[in-house]
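A quick write-up on the structure given underneath.
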Amino acid sequence: MRKPSRPRPAAGVSVRQAVPLGLVLLALCGCRREAREVRLDPPVAAALAGVAAMPNGIGGRPPEVYFVLGKPYRGNAYQLSEGKRLYAWFGCPECHRDGEGSGRGPSLLDGWWNHGPGIETIYLSIRDGRPGGMPPYRTRLTHEQLWQLAGYVQVLGAYSASAAAPGRSDQVQSRPAENRAPARFAPLEP
Amino acid sequence: MRQRVVADLSGLPISGERHSSPSWWGTLAFMLIEGTGFALAIGIYLYLAALAPAWPPVMPPDLAAGTGVTLVLLASLLPNALLSRWTDAQDLRRVRLGLLVMLGFGLVPLLLRILEFGALNLRWDDGAHGSIIWFLLGLHTAHLLSDLVETAVLAALMFTRHADNPRRFGDVRDEVVYWYFVVATWLPIYGCIYWAPRL
Amino acid sequence: MTGGWQSALAPGGSSADAILRLFWPTVALLGLIWLAVLLVLAAALLRRARPEAPRRAGAVVGAATAGTVLVVIGLTLASYLVTRPISAAADAPLIVQLRGLQWWWQATYPEEGEASGFVTANELHLPLGRPVRLELSAEDVIHSFWVPNLAGKQDMIPGRDNALTFTPTVPGVYRAQCAEFCGLQHARMALLVVVEPPEEFARWRAVQAAPATAEALAAEGRQVFERQPCGACHTVRGTGAAGRTGPDLTHLASRGTLAAGLLPMTRGALAAWIADPQTLKPGNNMPLVPLSADELQALTAWLASLR
Amino acid sequence: MTHDRRDTGLGDLALEAALRRVWAAAHGLWGLLATVDHKAIGRRYIATAFGFLILGGLLALAMRWQLSHPEARLLDPDRYNQVFTMHGSNMMFLFAVPVMEAMGVYFVPLMVGTRNIAFPRLNAFSYWVYLAGGLLLWGAFLLEMGPDVGWFAYVPLSGPQYSAGKRADIWAQMITFTEISALAVAVGLVVTVFKQRAPGMTLDRMPLFVWAMLVTAFVVILAMPAVVTASTALILDRLVGTHFFNPAEGGDVLLWQHLFWFFGHPEVYIIFIPAVGMVSTIIATFCRRPVFGYLAMVLALVGIGLLAFGLWVHHMFTTGLPRLGESFFTASSMAIAVPSGLQIFCWLATLWGARPRLAVPMLYVLAFLFTFVLGGMTGVMVASVPLDTQLHDSYFVVAHFHYVLIGGAVFPLLGAIHYWFPKLTGRMMGARPGRWECLLVFAGFNLTFFPMHILGLWGMPRRVYTYQPELPWAGLNLFASLSAVLLAAGFLLFFWNAWRSARHGAPAGENPWGAPTLEWATASPPPPWNFTRIPVVGSASPLWDSMGELTVAEGLRTDRRELLVTSVMDATPEARESSPQDSIWPLLAAIATSVMLVWSIFTPWAVVWGSIPIAVTLIGWFWPRGTPEDES
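Have a look at this one:
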């Protein structure tokens, strides 16, 4: 440590404190939640399509590359916000509203997942569609976008909010924001 | 530099009272900071109200709890004034009593405040109107709460060996001034939340 | 020294002209004052000091302060006088709705008399000599519309409606660039403004209002466009593609630039853009859609024919 | 109470020994962490702020590198946006405001002739909170989660929908940290100036720097709550879904801009007014005469402070507010030229009647006059609504505010560091490197920033991470970037000079410049108690009018930290007041506050649970210990 009677400690102290505090911050927040990866290499993006699905399309295993990337579609704030944008841009609210659902599409908030809550299943539901009116989106979204959207839908229906979840929209509000766990406030499926 | 003694200060009191006490001025400065904060919050309220096509967008808050708080706060002015007088007289026994009474007058509005949040008929995320009235109420509640803690600490202090001391009485005096401030800032907020929507 | 097609010093419109006529005299006056201060400073340092009667110094300081007051009043008045005509409403202006989005511009020409309305992107055409009223709005965050050669800037603010009125007086192509920081690609949000004689403008407007005409070779590219996700975001009038979140591509090839001023409109640039949009403009909302070489070839050929 | 020890009749050595016993900080790390000496705090404040200046300067160089040629790829857009946001936020909130207040923390108590700042524990607390805010911001940046929304963080870009993650929250909470610290210092300064002036220092005998810091402190008190309110509302919008800035739910996007600039414009004067005080101080000393027109100077300072609150809308001329209202703000914005001009005329009048010694501080003052007056002229231009619609948010504005902030505040600050360096360290700062450094900084600055005026007129918007080769900006940008190297070299020389002089500089006596104010009436650097006996003041330039003999008062106790409280107007002695002892509690309270503030980015419950440790540390802070300082 430093000689105690030194009269001008400020700069030294700040540097010395920066290191441990920085490590603590690192541990606390995790860079992964904040990183902004705007471009995937095309082979990586292509590999994202390789979900090992069960024959009935329910359940399965995400491709290896999803884990190699660090599961960004579940816990990365930027990817989730992209998913939120896609949710609005690609017509999801027409049937699912802001997640509450309507006569044309089920609620995404009520904790009831018709085909299971796993992200790979949600991905498959969006990609391939489901009987009962859910159209396939594979021709309208890239695989990366499908994953972003799936991650967002999963966060939307989560019971405990993730710190990476998006905040409210600049729109008329119909439910608590994603980072306030709207699912907790949603009525259960009748 | 050579020094030449031209004044003897030894006759001065060893701690200042009121405007010759730095902490009295410090309290004023903090009141100025917080008063600016309150003024800005009320400014935001008026700005949003002026912008809205209809204000309030929903029914105005129920009057009972807020009015109750107002009455309690107004009633507290009397014991607060008495406490101020006893402090000037450095009457330790009565100052203790006064602080305990003020503790009560700090606690009751806080309890009523819980009802008040319920009586707003709005949540903080029910539009900008809900946001700003929760903000105003929250801001004032923070002041009530911090003043309550301060009063409690002072009251406890007055029962210790540190009590009978001009400096402690100075602290109580600052606390009295601060309570006036807490009451004074409530009145415009009360007007904004409860009466502006009824105009 | 006038700085070309995105410069406040080369006016091609009424507002920019009026502002420049205020600008130079202001610069001259303030420059003179600055020089005078420096001269007095230099004199004060160089002269051999004599003890000055303080009263005289007081009078000089008082006079200089009074002079400052006069300059301030004069400039305030001048600025007010210039503001009035700039913000005045015009008679029978051409109305164009311009919307700022992250990170491009959407222009809507409403129906006007014979001419039918249409939507286009990243390029405005304005008739020479006719006042134009741009109705400015924002889709997401604040943007600011600024064609320095034509007029001062005006912000596009979510939840508020702004307008900008001016008259183009010199034909030419001017460049505008978003002037309020709007996120990742703020630097890549440009727009061309083409000021042209009224006849040419009318011709342009008629072409833009019509649906796309696809040529024989390009029919294959159209299929690629419709088979791939392109149509989910983009509209090409006359085809099935009717997406609304991306720019209207009906007459893409008639525009001077691609991706909000990023690249010149050539077939090569189109190919580069479609093949890897996130390298050219990282973070923009166009995804990388994997295409085969043949598909890319056909698609760009077709897009390049959308005049 | 009758047998307390007094300084009456003690010899100098015995008195100093007695004062050392009660005023000196403890040895060791504990002493460093617990000290409440305004000089120790002020020094570490200044050093930390200059540390942040270096970091912010490195960011500036990175930006200049990126912009030196079109389509450069040194920084990707995401990093560039973080870099300019960090540069602006860092320079405004972590360098400029803190360093100016720090100069006040160090010198105001000395200049008014007292032994410590009022509320010294609050002062220590403010430093720790400031340091925590700086570490928060820079820690986030190093983790690639630095804010990227610009230093004024306009909503909706910084709002919940368009700024994913915690970047904008970190920015908003950093604001709260630095504003708490600035407000705490302001309270201490106001009360020090009001109540702790040496006997006889009536208001019209106060040094102009003290006046400047007093006005600044009031501007801080009235302006900073606006930005704390705004950033709190932003965090609430982002975290719990309030709608202050959501137009679809009755909120308003421009509300942010009103609140921010109601603080943001006075902020410029918070930085500039102390610099004006420094200029007046330096000019008086090196002209060997008081600044001409004391009353006019004071009125000008107060006038600037008042006008500062009437012109925030000139940052919003392009937002489409009603034109008539905008014209009013044109008038008020230009009106600030009147008090500013008055001050410049008074300085010129002072120089006119004197033969100034062109020592290094004075050279910086000349650089200041050249640069700041030019920046003031462009300021008048951007105050005009029609001109501003062309100049706003372009590189012209970038040039303008650097002229005002670097020319108007940093040049005087560097001069002031040279001027007060002997007092801070006991050694003179090298004059020969000082002249070179001044020349380099002055030339480098003007060559870097003057071309930006032209770039702005040629249509270059600010905050662009690159530009295309078909735009005619490459030449001037390259020129500016190369000149920036010159500017950086000047700063490097300054830091090297300061570092070397602190170790090997020529020892300075009490008053090496022959200056007139009280800080020069004590040792360099001053002892922990500042003045062995409290000076008694009979004029505005006490050391010039005292004929080499300082009139002092005696009768203060030596068995506790005691200082003198005087009346606000006439500084007649009113009481002997104790000054608090060293304490670790301010540091603990700052840690508790920091934990609460950072935690509350993530959950609103942090405000509830995080307040408990704060309350505990505050009780520990104020609970009396039975020391002579605590009891009367």
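Chains as they are written, first to last, in full-length UniProt numbering: chain A, 1 to 190; chain B, 1 to 199; chain C, 1 to 307; chain D, 1 to 632.
The beta-carbon is built from N, C-alpha and C at its ideal position, and this holds for glycine as well.
Every value quoted in this text rests on a predicted model; they were computed, and no experiment measured them.
{"Check": "Helix, strand or coil at E574(D) according to DSSP, with G and I counted as helix", "Outcome": "strand"}
{"Check": "Residues, ordered as in the chain, of the segment 187–199 of chain D that lie near chain B by beta-carbon distance below 9 angstroms", "Outcome": "V187, G188, V190, V191, T192, F194, K195, Q196 and P199"}
{"Check": "Limits of the unbroken alpha helix (DSSP H) element including E510(D)", "Outcome": "That residue, E510(D), is in no alpha helix (DSSP H); it is neither H nor E in DSSP."}
{"Check": "Exposure of V608(D), with buried meaning 16 or more beta-carbon neighbours within 10 Å", "Outcome": "exposed"}
{"Check": "Contact set between A155(B) and chain D, taken where Cβ atoms lie within less than 7 angstroms", "Outcome": "By Cβ distance, chain D contributes nothing, its closest Cβ being about 13 angstroms from A155(B), past 7 angstroms."}
{"Check": "Ordered list of alpha helix (DSSP H) runs contained in the UniProt domain \"Cytochrome c\" (216–307) of chain C, each at least 4 residues", "Outcome": "219–227, 267–275, 277–280 and 293–304"}
{"Check": "Nearest-angstrom beta carbon gap, P282(C) and residue 212(A) [assumed within contact, 8 angstroms]", "Outcome": "Since the first and last residues shown for chain A are 1 and 190, residue 212(A) lies out of range."}
{"Check": "With 16 other Cβ atoms within 10 Å as the buried cut-off, status of residue 635(D)", "Outcome": "This structure cannot speak to residue 635(D), because chain D is shown only from 1 to 632."}
{"Check": "Touching by the beta-carbon criterion (3+ pairs, under 8 angstroms), the segment 346–364 of chain D and the segment 429–436 of chain D", "Outcome": "yes"}
{"Check": "Short CB-CB distance (under 8 angstroms) between Q90(B) and chain E", "Outcome": "Protein chains in the displayed structure are A, B, C and D, and chain E is not among them."}
{"Check": "Three or more C-beta pairs below 8 angstroms linking the segment 418–432 of chain D and the segment 138–154 of chain C", "Outcome": "no"}
{"Check": "Per DSSP, the bridge partner or partners of F166(C)", "Outcome": "V132(C)"}
{"Check": "Environment of F95(D) [buried if 16+ CB atoms lie within 10 Å]", "Outcome": "buried"}
{"Check": "Rounded Cβ spacing between V173(C) and L192(C) (contact assumed at less than 8 angstroms)", "Outcome": "6 angstroms"}
{"Check": "Run of the beta strand (DSSP E) containing A107(C), from where it starts to where it stops", "Outcome": "W104 to Y109"}
{"Check": "Residues that F317(D) contacts on chain A, provided the C-beta gap is smaller than 9 angstroms", "Outcome": "Within 9 angstroms Cβ-Cβ: nothing; F317(D) doesn't reach chain A, min ~24 angstroms."}
{"Check": "Coarse secondary structure for P247(D), derived from DSSP in three states", "Outcome": "helix"}
{"Check": "Cutoff 8 angstroms: H251(C) Cβ touching any chain D Cβ", "Outcome": "no"}
{"Check": "Per-residue contacts from P176(A) into chain B (C-beta, under 8 angstroms)", "Outcome": "D125"}
{"Check": "Within chain B, the residues that Q171(A) reaches when beta carbons sit closer than 9 angstroms", "Outcome": "The premise fails here: Q171(A) is roughly 12 angstroms from chain B at the closest Cβ pair, so nothing lies under 9 angstroms."}
{"Check": "Closer than 8 angstroms to chain D by CB, L75(A)", "Outcome": "The sequence shown places Gly at residue 75(A), not Leu. Not one chain D Cβ lies under 8 angstroms of G75(A)."}
{"Check": "8 angstroms Cβ cutoff, A164(A) in contact with chain D", "Outcome": "yes"}
{"Check": "8 angstroms Cβ cutoff, R8(A) in contact with chain D", "Outcome": "Here the model assigns R8(A) a pLDDT of 42, short of 50, so the residue's position is not dependable and the matter cannot be decided."}
{"Check": "Spatial neighbours of D91(C) in its chain, beta-carbon cut-off 8 angstroms, leaving aside the 5 residues before and after", "Outcome": "P131"}
{"Check": "Whole-angstrom distance between Y66(A) and H143(A), CA atom to CA atom", "Outcome": "11 angstroms"}
{"Check": "Burial state of L73(B) (16 or more Cβ within 10 Å)", "Outcome": "buried"}
{"Check": "Residue environment, W195(B), which counts as buried when at least 16 other CB atoms sit within 10 Å", "Outcome": "exposed"}
{"Check": "Whole-angstrom C-beta distance between V291(D) and T350(D), which should lie under 8 angstroms", "Outcome": "5 angstroms"}
{"Check": "Reference Q105(A); option with closest CA among C95(A), G111(A) and Q154(A)", "Outcome": "Note on identity: in this sequence residue 105(A) is Gly, with Gln being the wrong assignment. With distances taken between Cα atoms, G105(A) lies closest to C95(A)."}
{"Check": "Sequence-distant residues of its chain with Cβ nearer than 6 angstroms to S15(B) (five each side left out)", "Outcome": "P166 and R167"}
{"Check": "With 16 other Cβ atoms within 10 Å as the buried cut-off, status of S600(D)", "Outcome": "buried"}
{"Check": "Proximal residues to P171(C) (C-beta, below 7 angstroms), its chain only, five neighbours per side dropped", "Outcome": "L128, V195, E196 and P197"}
{"Check": "Cβ shell of R43(D) (< 7 angstroms), same chain only, five flanking positions each side left out", "Outcome": "Y106 and L424"}
{"Check": "Cβ distance (whole Å) where C233(C) is taken to contact G243(C) below 8 angstroms", "Outcome": "4 angstroms"}
{"Check": "Alpha-carbon spacing of R73(D) relative to L183(D), whole angstroms", "Outcome": "41 angstroms"}
{"Check": "Delimiting residues of the beta strand (DSSP E) encompassing V566(D)", "Outcome": "Here residue 566(D) is Thr; the residue named in the question, Val, does not match the sequence. Where T566(D) is concerned, the enclosing beta strand (DSSP E) stretches over E562 to T566."}
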